[in-house]
Structure formats: C-alpha cells, structure tokens
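Beneath this line is the structure, given in structure tokens, with notes to follow.
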Ligand SMILES: Nc1ncnc2c1ncn2[C@@H]1O[C@H](COP(=O)(O)OP(=O)(O)OP(=O)(O)O)[C@@H](O)[C@H]1O
Ligand SMILES: [Mg+2]
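Protein chains in written order, with this note's numbering: chain A, 8 to 280; chain B, -7 to 350.
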C-alpha cells in the first residue's frame, strides 16, 4: 500500500498518491542509428495513474520496454523503489513486482484462460520440481491457494464464463481483458499497460476504463499506461508524459499538458526544426 | 449412464483440476488399469508381448519424453534416438559394473544419466530455436551414435561391438536375458509406463508445465511475465531426456536383449518417435499413448492383412506397408494437425452434448 511520505497528497477523488516508486533518469535508447528515446527523465509515484502519450513512433512502447527490462537503455539509470536497478533480465524485473500487457496481444494461445492467468502467478509459486512430480504436499497446496487468488481476479474482471476456453477462440476485446487478468495475477506494484483500449468499441473502452480505475483504487496498484484516446487519458490519469520523436515535450497534469503549446503543436503536426 | 459433467458439481479447486473431471472418464481409466495389471499378465504370450505390448509401452515412454520437450515446451528435437542410446548404454554399463544392484534402479539411473546428457545438448536452445535447434539436435543424434560405436569402453570391448543384456531378476524372477517370460517383460514395462505417465501428467499440470507452455506459445512474453527461460528450457530437456533414457534402457535390456547402436538407435528412431508425437497429438500425454499405439499397431495389422489374409509375398507387403503408413501420416498432418488426442476430444465433446447437439 501507499507509503506516506512527506510529499504525498490526496487527489480530488480521495486516493492517496505516495512518494516516488519509479524514476527514469536521462534515459537514452538507440537502435543502431535510430534514437528511439532521447535523454528522457520522469518519475512515477506510488498509487498514481501515469499516462504516456505521443504520436505514432514517438517511443512510448520503447519506454515501457525499458521499464519492463526488455530493452536495456543505452544511457541513463532506472530507479525502482529507491534504489538504482542493476542490469537484470526481464523475468527478474517481473519478480520485483512489475507486470505488463502488450500493444499487440501476447497471450499464450495454446492455453486456456485459466492457465494463462495462472501463468501470471508464476513469480509467486515456489514449489520444487520433485513436489510437482509427485503432486503431493506443497505443489498441490500451492496450486489451490493460487487458484483462489486467480478466481478473485476472474470475478473482478467478470470473465467467469470463459475460464476454461482456449484463448485462441476469444474475440479481441476479451483477449485484452484476459491479458489484464494475467498481469494482475502477479499482484504487481507497478502495472504497465500498452494501449489497453486500442481497437475497442465505446462500450468495451468504458468497461476497460472502469477496470483500470478499480484496480488502482481497490488494490492501490500504481499504473503507467500508453493510450491514444485523449478523452480516456484525461479521464483516467493523474499525470501525463508527452513524447514526440523520442523526446519528452511535456509532463504534468492532464490540464497542464492540454494547454501546453509544444504539445498542441506536436499533435497538430507543426513541422520540426 | 450419461457422459456428462452436469449434476457432478465440483466443490473444491482440487476436484475441478483433477485429471479426469468427468466420472465416466475416471471409471474407464480405472478399468484400463485393472485390465492392464490384473488380466493381461495372465493371458499374454510371447507374440503379443514382443510384437505389440512391450514395444508399444516402451515407445510410449519415449513419446511422452519427446512430447514434453516438443509438445509442451516447443523445442524441436531430432535427437531422440541418440538419447535412447544414452539410456541403453548407461543401463548396460551399470548392469555390468554393479550386478548386485536392482535392474529397476539401474533403469532409473540410466534415465538420470540421460537427463544430464540432455541438458548438455539442450544448452544451444538458449540461443537458437526452431529449425536451427532441430539441426543442433540432429548433430547430437549423429555424435552420440558415433561415440558409442567408436569408444570400446561403452560396449565393454566386446568383439561384435554389440551390447548384450545379462540376466537380471526382480524378486528372483528374470526380467532381462534369454529366460525371461513374456508376462515378466510386460509387467516391468507396464510399471514404468504407468509411473512415467503419472509423473508426466503431474509435471505438466502445475507451475513448471505452465512455464514450458508459456515458452512454447510466446517465449518473449513468457520471460517478461516472469518465466526464467534458462530454467524452463533446461528443465524440459532434463525431464524429457529422463523419460527417453528410461525408454532406451528398457528397449535394450528388456525388449531387444542385445543391440548395436546404429541399428537400434539410429536417426530412424528419432523420426519414428517424432511421428508418434505428431500423430498422437502435441502437448498431450494421452496422445503419446495413441501415437505409439498407431505406429506400432499399423504395421502389425497390415502385415497380418497382406501376408496373413491375402497371402502376398512379404517384400511386396513390406513396401506397401511403408506407403500406406506414409500416406496416413500425411493425411493426418493435413486433416487433423492436433493428432489423435484432438479427435478423441472432439468425439467426447460430441458425446457430452448428445443427444442435443446444440
Ligand atoms: N527493436 C527495434 N529495433 C529498431 N527500431 C526500433 C525497435 N523498436 C522500436 N524501434 C523504433 O523506435 C521508434 C519508436 O518506436 P515505439 O514502438 O516505441 O513507438 P510508439 O510510440 O510506441 O508508437 P505507436 O504509437 O505506433 O505504438 C520507432 O521509430 C521504431 O521504428
Ligand atoms: Mg507502441
């Protein structure tokens, strides 16, 4: 839960925003000659919903990939929970409590909805190979405990009826929801959502917005999300980072960002010097 | 009795995740076990043991092993024959070096040795995948066969270069060697196949199994949500190779009695087991049984029809047999890529809804 730190505050809707959970310091990311991220710094505070916006190709997904450890920044430091993060593999980052969804759905197509979500709890499962081989003692007990947690998430996201369905057979909107369930199953401290509402109709978007707010509110999960729909961003987020061509061109509350001339220019397509 | 889950409410998560959630399936499974353990041993003869049951069950163990690696973890392997050879030669060396230790323990140890070798040859999977990994495992296949041919220590410097299983007993009943009864062979192999299937089912239903399937379905996403790819892949290689090693040890010691590595464990074996897994169904323990049964029974059946019933010359029948089986494999790959296990699932699904199909 939120640690009360000197600079924590309470939002208009009564949620407590704590101190810094994650801090990106002067991050630069190059792919050969392409500079996807150029010297960007920003922080994410405990309990907040932080949006990252920007035109196509701005480097938003790349930034999320840096946070989740999939890309190693060419320059700069990633701070998590008050300490600099040493070089680590993505699965180690996951174990620190960072979970995510993907811009292009990345579910395990050969598995059922239930197994996909159970896979999200792998970071918490500890029974050894021997105990699993004989399915006795710890392995079986653990399976039941985790199944209970997963069932709570299934209820929360209202996907009870598709529990045993292979994910390959699901429509797009439900797949996105199952992916959120899989990320939530890890009980992350920081949840990264890459365009959770892309390709959805209005109704599905409303459902998803509600789920995101509920996750943040009920579990106190810190959320960083990328979204193109401005209406959604303005409604959901506490603070917004604006990126364009790999640079940060704005950072502040939705209102501040909306009225920032540089941001308006980027979105209106003013030519770059 | 109806084939339904209706009225059979699960009141706990343990019940819901059991192997055979529908009561009828559970009863059928117990019935199969009862027949396999309680009836067949008393009526089996040499022909049925050597032509059908013993090879079928030994191949099933190998197919389970390959299925864990390829069907569950998505790592293609063409080295199955080579790994079976490791199990065979390990059991041979153990049997001849420690004659007082039970053969059952030697077979398990042979599996363990193969697991270690499997992990070594699995290391490239951390870097390469798909076609390239298949080629690397093919190299393992050829290297291992070459090694067992080349180094006389492995075959105890025998003049023929063959390995021959000495007589070993369980509860003073011979299970290897020339004096072994059909039922004794059958029982030993049955014990191992039952144990292996049970272990495989357990290993694939929990967190380890899910980490394998996650790697299979999307390895990058798997790592990002917390699967350690090194652990997942190497454990799949280890466990897969364990089963394949046990299978190789049984194939040599109980089934063949004497073996020459290239002949018994050549590349054809690798393909044979791969066909079993594909025809049976990738990612299914039941499919491993079905695939092995298909590949063992078809030739027996055809030989009986062509030579026995129609009286055709054996060489003609042998050629036809190849063509028919090859054709069937192709038909299968096109019509039902998920194998016999999927056909079985569809049939059960139909039965579950019968008599109201909608
Ligand atoms: N693995 C990679 N190799 C080379 N270039 C890459 C790689 N990943 C991203 N890029 C480049 O980095 C830039 C930023 O891409 P990124 O996917 O982060 O943009 P985005 O803001 O998420 O865009 P969108 O809104 O379209 O999702 C693009 O020019 C892209 O081509
Ligand atoms: Mg993107």
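From the three backbone atoms N, C-alpha and C, an ideal C-beta is built for every residue, glycine too.
Treat the numbers as computed from the prediction; the structure is a model and nothing was measured.
For residue 16/A, which residues from the same chain have a beta carbon less than 7 Å from its beta carbon, with the 5 sequence-adjacent residues on both sides left out? One-based indexing of the first chain puts residue 16/A at position 9. Answer for residue 16/A: 24, listed in chain order.
Beta strand (DSSP E) segment containing residue 106/A, residue limits: Residue numbering aside, residue 106/A sits at position 99 when the first chain is read from its first letter. Where residue 106/A is concerned, the enclosing beta strand (DSSP E) stretches over 105 to 107.
Against residue 167/A, what residues of chain B qualify as contacts under a CB-to-CB distance less than 9 Å, listed in chain order? As a working mapping, residue 167/A is identified with position 160 in the first chain. Contact of residue 167/A with chain B by beta-carbon distance below 9 Å is absent, the smallest such distance being about 13 Å.
Inter-stretch contact at 8 Å, needing at least 3 Cβ pairs: the stretch 264 to 280 of chain B / the stretch 320 to 337 of chain B: The answer is yes - the stretch 320 to 337 of chain B touches the stretch 264 to 280 of chain B, with three or more Cβ pairs under 8 Å.
What is the rounded straight-line gap between the Cα of residue 247/A and the Cα of residue 214/A? For the purposes of this step, residue 247/A is identified with residue 240 of the first chain, where counting begins at 1. For the purposes of this step, residue 214/A is identified with residue 207 of the first chain, where counting begins at 1. Approximately 22 Å, taken between the alpha carbons.
Whole beta strand (DSSP E) runs in the stretch 56 to 88 of chain A with 3 or more residues, listed along the chain? Listed in chain order, they are 56 to 60 and 82 to 87.
What separation, rounded to the nearest whole angstrom, lies between the Cα atoms of residue 272/A and residue 223/A? Your numbering for residue 272/A matches position 265 in the first chain. Your numbering for residue 223/A matches position 216 in the first chain. Going by the C-alpha atoms only, they are around 32 Å apart.
Within 7 Å of chain A by C-beta, residues of the stretch 189 to 223 of chain B in sequence order: From the stretch 189 to 223 of chain B, only 191, 194, 195, 198, 199, 200, 202, 203, 205, 206, 208, 209, 210, 213, 215, 216, 217, 218, 219 and 220 have a Cβ closer than 7 Å to chain A.
Just tell me which of 87/B, 291/B and 166/B has its CA closest to the CA of residue 43/B. The residue you call residue 43/B lines up with position 51 of the second chain. Scanning 87/B, 291/B and 166/B for the CA closest to the CA of residue 43/B turns up 291/B.
Residue 149/B by DSSP, collapsed to three states: which one? In the second chain, counting from the first residue as 1, residue 149/B sits at position 157. Looking at residue 149/B - three-state DSSP - the assignment turns out to be coil, as it is neither helix nor strand.
Residue 69/A: CB within 7 Å of a non-hydrogen atom of ligand 1: Within the first chain, the letter at position 62 stands for residue 69/A. Residue 69/A Cβ: within cutoff of ligand 1.
Sheet register partners of residue 251/A (DSSP bridge): The residue labelled residue 251/A in the question sits at position 244 within the first chain. 254/A, per the DSSP bridge assignment.
Going by DSSP, what residue range makes up the alpha helix (DSSP H) through residue 188/A? Numbered from 1 along the first chain, position 181 holds the residue referred to as residue 188/A. Residue 188/A: member of the alpha helix (DSSP H) spanning 179 to 192, first to last residue.
Residue range of the alpha helix (DSSP H) that residue 207/A falls in? Within the first chain, the letter at position 200 stands for residue 207/A. Taken as a continuous stretch (DSSP letters only), residue 207/A belongs to no alpha helix (DSSP H), as it is neither H nor E.
Using 8 Å as the threshold, is the C-beta distance between residue 207/B and residue 66/B below it? Taking the second chain and counting its residues from 1, the one referred to as residue 207/B is at position 215. Taking the second chain and counting its residues from 1, the one referred to as residue 66/B is at position 74. Between residue 207/B and residue 66/B, the gap from beta carbon to beta carbon is short of 8 Å.
Since I believe residue 268/B is in contact with residue 51/B (beta carbons under 8 Å), could you give me their beta-carbon distance rounded to a whole number of angstroms? Stepping through the second chain from its first residue, residue 51/B is reached at position 59. Stepping through the second chain from its first residue, residue 268/B is reached at position 276. That pair is a contact at about 6 Å.
Would the beta-carbon of residue 254/A fall within 8 Å of that of residue 32/A? For this step, residue 254/A is matched to residue 247 along the first chain. For this step, residue 32/A is matched to residue 25 along the first chain. Not a contact, by the Cβ cut-off of 8 Å.
If you follow the alpha helix (DSSP H) that residue 129/B is part of, which residue opens it and which one closes it? If you number the second chain from 1, residue 129/B lands on position 137. First-last of the alpha helix (DSSP H) with residue 129/B: 123 to 142.
For the alpha helix (DSSP H) holding residue 226/B, just list the boundary residues, first then last. Here residue 226/B refers to the residue found at position 234 of the second chain. Where residue 226/B is concerned, the enclosing alpha helix (DSSP H) stretches over 221 to 242.
Contacts that residue 155/A makes with chain B (C-beta to C-beta distance below 9 Å): The count along the first chain starts at 1 and reaches residue 155/A at position 148. In chain order, 5 make up the part of chain B whose C-beta sits under 9 Å from the C-beta of residue 155/A.
Near residue 132/A, what residues of its chain come up, given a Cβ to Cβ distance below 8 Å and the 5 sequence neighbours on each side ignored? Mapped onto the first chain, residue 132/A falls at position 125. If we look at residue 132/A and ignore the five residues flanking it on each side, its Cβ neighbours are 149 and 153.
How many angstroms separate the CA atom of residue 114/A from the CA atom of residue 200/B? For the purposes of this step, residue 114/A is taken as the residue at position 107 of the first chain. For the purposes of this step, residue 200/B is taken as the residue at position 208 of the second chain. Their Cα atoms are separated by approximately 18 Å.
Taking only beta-carbon atoms, is residue 107/A less than 8 Å away from chain B? Here the question's residue 107/A lines up with position 100 in the first chain. Closer than 8 Å to some Cβ of chain B, the Cβ of residue 107/A qualifies, so yes.
So, is the C-beta of residue 114/B closer than 8 Å to a C-beta in chain A? What you label residue 114/B is simply residue 122 of the second chain in a count that begins at 1. Residue contact with chain A for residue 114/B: absent (no Cβ-Cβ distance below 8 Å to any residue of chain A).
With residue 281/B and residue 103/B assumed to form a contact (beta carbons below 8 Å), what rounded beta-carbon distance in angstroms separates them? As a position in the second chain, residue 281/B is number 289, starting the count at 1. As a position in the second chain, residue 103/B is number 111, starting the count at 1. Not a contact, Cβ separation roughly 19 Å.
Nearest-angstrom Cα separation, counted from residue 17/B out to residue 340/B: Start at 1 with the first residue of the second chain, and residue 340/B comes out as number 348. Start at 1 with the first residue of the second chain, and residue 17/B comes out as number 25. In a straight line, the C-alpha of residue 340/B is about 10 Å away from that of residue 17/B.
Separation of residue 225/B from residue 136/A, as counted between CA atoms: By one-based count along the first chain, residue 136/A stands at place 129. By one-based count along the second chain, residue 225/B stands at place 233. Answer to the nearest angstrom: the Cα atoms are 14 Å apart.
Run of the beta strand (DSSP E) containing residue 237/A, from where it starts to where it stops: Sequence index remark: in the first chain, residue 237/A carries index 230 (1-based). Counted as a single uninterrupted DSSP element, the stretch harbouring residue 237/A is not any beta strand (DSSP E) but the alpha helix (DSSP H) occupying residues 237 to 243.
Taking 8 Å as the CB-CB limit, is residue 161/A close to chain B? Taking the first residue of the first chain as position 1, residue 161/A is located at position 154. Residue 161/A has a beta carbon lying at 8 Å or more from every beta carbon in chain B.
Could you give the first and the last residue of the continuous alpha helix (DSSP H) run that contains residue 317/B? One-based indexing of the second chain puts residue 317/B at position 325. Looking at the DSSP string, the run of the alpha helix (DSSP H) that includes residue 317/B is 306 to 327.
Between the Cα of residue 192/B and those of 227/B, 217/B and 248/B, spot the shortest distance and give me the residue it belongs to. Start at 1 with the first residue of the second chain, and residue 192/B comes out as number 200. It is 227/B.
Taking the alpha carbon of residue 47/B as the point to measure from, which residue in 285/B, 298/B and 337/B has its own alpha carbon closest? Working through the second chain from its first residue, we reach residue 47/B at position 55. When only C-alpha atoms are compared, the closest one is 285/B.
Please confirm if the stretch 32 to 43 of chain B is in contact with the stretch 171 to 189 of chain B, defined as three or more CB-CB distances below 8 Å between the two stretches. Counting C-beta pairs closer than 8 Å gives three or more between the stretch 32 to 43 of chain B and the stretch 171 to 189 of chain B, which meets the contact rule.
Which residues, in order along the stretch 269 to 295 of chain B, keep a beta-carbon less than 8 Å from a beta-carbon of chain A? Taking 8 Å as the Cβ-Cβ cut-off against chain A, the residues of the stretch 269 to 295 of chain B that qualify are 275.
Between residue 110/A and chain B, is the shortest Cβ-Cβ distance under 8 Å, so that the two count as touching? Walking along the first chain from the start, residue 110/A turns up at place 103. No - not a single Cβ of chain B is within 8 Å of the one on residue 110/A.
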